[in-house]
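Residue numbers (UniProt numbering): 1 to 489.
All residues carry an ideal CB built from backbone N, CA and C; glycine is no exception.
In what follows, a single structure is set out as structure tokens and then discussed.
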Amino acid sequence: MSTDATNYSRPLRLAAGSSGTDEADLATRLENSTVLVTADPTAPAVATTLRVLIGNLRRLPLRLHLDPNGGDGHLDPDLVAELHQLSAGIDADWSLALTRPETTTFHVHIGTRSTSAHVSGVADGHGARLRPAGIKFTPLQQPGTGLGGVLAGAMLTAEVFKVVVGVRPDRHGPARPIDFCPITLSEPDATVRPLKPLHATALIGGGAIGTAIALIFRELNATGALTVVDPETYDNPNVTTYSLGDRVTAAEKTPKVHLVRDQLPGVNVEPFVGTARDYIQAVDAGTQPMPTTVLGAVDSIDARHEIAAIHATHTLDGSTGGATGTMLSLSEATWAGPCLRCYYPHRPNQGPTVIDVLAERTGLPRDLLARGTDNFTAEQLAALGDMTPEDRAILERHVGKDICGLGKAFGLTGENESFNPSAAFVAQQAAALVVGALIRGGIAARPNYVQYDALFGPYGDMTLHRNPRAGCRCQTDAELHRAVRSHRR
Ligand SMILES: [Zn+2]
């Protein structure tokens with residue numbers, strides 16, 4: 001693979017984990033899969049749903065077709081041109097064919113009236129409804145929104161993924177009717193709830209979940225003000241796992257906070273290039289205002305503990321992970337408890353983490369190791385101090401490879417225990433839960449913890465009400481935290 005080819009290693013790793021297939025065999029299987037997308041031009045939020053579905057499917061190395069006349073009318077040529085450009089931005093070699101293929105591995109349709117698609121789906125208000133072939137839709141409750149469109153696109157991607165990847169039967173649910181709204185945490189209803197202008201709100205993390213939150217804001221035509229916090233620049237592997245950005249974004253090494261800013265023309269975005277810890281120092285120094293609402297979009301327990309130390313009134317934290325990287329969750333937290341430390345305690349007697357050991361042995365910064373989403377560079381190696389010749393040799397061999405593979409390179413994690421990258425369609429569903437909680441009004445009187453697997457879909461009793469954890473700092477240091485909050489205002 002040439003260096004400027006689109007990097008599919010992360011989605012392939014995720015897919016291999018859920019299919020039990022070797023990554024090379026899986027790449028061959030995907031390259032021989034043909035997916036057909038069709039859409040009714042009048043389907044709710046059809047443009048948003050198409051953007052998400054085409055973008056997500058182009059992040060897998062499969063044959064992708066969009067038949068602009070395959071629904072109950074002709075798609076707007078401007079929209080079709082935009083989708084073609086979106087696809088080419090992600091991968092110039094595997095583009096989007098605007099024809100109906102002779103044979104189809106999977107046909108996915110946006111709309112409620114297809115008779116030939118394997119699965120159909122539409123937005124309904126902020127929610128989504130999906131139906132396998134042969135099962136009728138119930139009447140829609142509301143016009144589709146940008147949130148509903150993103151959710152419908154993400155959930156339809158999951159249905160395609162299960163089939164083209166050949167996910168093991170024990171690792172996914174059967175195709176079934178799904179009716180889900182991230183506001184009600186149940187079925188879409190007839191209540192219209194707008195996204196209020198963003199105010200005193202900070203998004204911590206511009207990675208897989210952060211770009212998915214920004215995508216939803218963009219498609220909801222969000223307004224107001226938002227601080228975006230992230231220390232990193234956008235890199236090639238991000239093209240196939242994030243919801244925003246393309247090969248040009250990567251080639252220009254765009255700071256992730258600038259990518260988010262540029263995608264939100266209606267929002268006054270304050271980009272903050274730094275970690276959550278840097279941001280807290282700026283709040284303490286009075287150069288950044290104290291946020292009331294924090295949207296958490298980070299990928300490590302350490303970073304969540306940093307978010308907890310902001311002591312914000314509302315913390316709405318999205319996460320992805322689990323054995324195959326397809327679990328997703330929302331944790332509603334507040335400074336008085338449950339805080340994010342209540343949700344993500346360091347387990348006692350656990351010993352040092354892989355990150356602890358790697359930081360100790362190599363001298364690499366913990367936040368770099370914790371994120372793990374970039375390639376390890378020769379510059380980073382050159383900046384390191386003393387270490388054993390053996391450890392230095394391991395690092396030299398690892399230049400140009402994922403930082404998240406270092407744990408395995410040092411023999412600290414096994415094949416299946418290394419970081420599992422999250423596919424965009426998983427992060428988008430976590431982001432939908434976060435934005436859903438924001439539209440609901442922030443943390444509920446009884447804070448919600450919501451968790452489901454994107455390959456099984458949401459289910460009835462996935463929402464728990466969460467109490468503070470006895471012995472957590474939010475309980476034992478409540479007075480100190482109150483004093484910190486009053487200082488920061
Ligand atoms: Zn706590």
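What is the C-beta distance between residue i and residue j, in whole angstroms, given that I count them as a contact (C-beta under 8 Å)?
i	j	result
G337	L316	So it is not a contact: roughly 15 Å between Cβ atoms.
K198	L220	Reading off the sequence shown, one finds Leu at residue 198, where the question assumed Lys. That belief does not hold up - the Cβ atoms of L198 and L220 are roughly 10 Å apart, past 8 Å.
S18	V150	About 22 Å separates the two Cβ atoms, so there is no contact after all.
P458	F180	5 Å
V122	P44	5 Å
residue 520	I110	Absent from the model: residue 520. The displayed extent of the chain is 1 to 489, so no value can be given.
I280	A309	6 Å
D91	T6	4 Å
P132	V119	5 Å
V239	A250	6 Å
T201	P265	No, T201 and P265 are not in contact; Cβ-Cβ is about 17 Å, not under 8 Å.
R488	D284	7 Å
A454	F410	A454 to F410, Cβ: 30 Å. No contact.
Report yes if the C-beta of residue i is less than 7 Å from at least one heavy atom of ligand 1; otherwise report no.
i	result
G337	yes
L468	The sequence given here has Pro at residue 468, not Leu. Flag set: Cβ of P468 near ligand 1.
R485	no
R482	no
R58	no
C474	yes
R341	yes
DSSP state of residue i, grouped into three classes?
i	result
A308	helix
P271	strand
Q428	helix
A225	strand
F419	Only weak support exists for where F419 lies, its pLDDT of 45 falling under 50; the value from the coordinates is given anyway. F419: coil per DSSP, three-state reduction.
A212	helix
M462	coil
L264	coil
L96	strand
Y449	strand
P132	strand
H481	helix
H84	helix
H258	helix
E379	helix
R247	helix
H118	coil
H487	helix
T201	strand
Could you work out which residue in the options is closest to residue i when comparing CA atoms only?
i	options	result
D461	M155, L455, N448, N467	N448
E306	L358, Q451, C339, V260	C339
L364	D374, V435, T353, Q380	Q380
E270	D284, K253, S33, P289	P289
R168	P345, T21, R366, A427	T21
L359	G407, A323, T49	Just to set this straight, residue 359 is Ala in the shown sequence, not Leu. Among G407, A323, T49, the Cα nearest to that of A359 is on G407.
N375	L395, P139, A152	L395
K162	L57, H481, G318	L57
L26	Q263, Y8, L66	Y8
R366	A382, I301, A282, V294	I301
R10	D78, G436, N236, A309	N236
T275	T112, A303, V426, A200	A303
A427	T157, A92, P174, D124	T157
C342	H172, R466, H118	R466
H84	G205, T362, L195, V37	V37
D124	D189, A24, A382	D189
V52	I183, S486, A154	A154
H65	T241, I54, R392	I54
G73	A39, H481, D93	A39
Y344	T99, D356, C474, A323	C474
T326	Q451, I216, L147, T476	Q451
G148	T476, L480, I439	I439
Any beta-carbon of chain D closer than 8 Å to the one on residue i?
i	result
I110	Chain labels in this structure do not include chain D; a single protein chain is all it has.
Meets three-Cβ-pair contact criterion under 8 Å: the segment 326-334 and the segment 305-315 = yes
ask   = Are three or more beta carbon pairs between the segment 429-437 and the segment 197-216 nearer than 8 Å?
value = yes
ask   = Below 8 Å, can you find three or more Cβ-Cβ pairs linking the segment 391-409 to the segment 121-130?
value = no
message = I'd like to know if the segment 57-65 and the segment 25-38 are in contact, where contact means that at least 3 CB-CB pairs between them fall below 8 Å.
response = yes
ask   = Hey, is the segment 255-272 in contact with the segment 233-245, meaning 3+ C-beta pairs nearer than 8 Å?
value = yes
Segment contact flag, the segment 436-455 with the segment 229-237, C-beta cutoff 8 Å, min 3 pairs = no
Cβ pair count under 8 Å reaching 3, the segment 135-149 against the segment 97-108 = no
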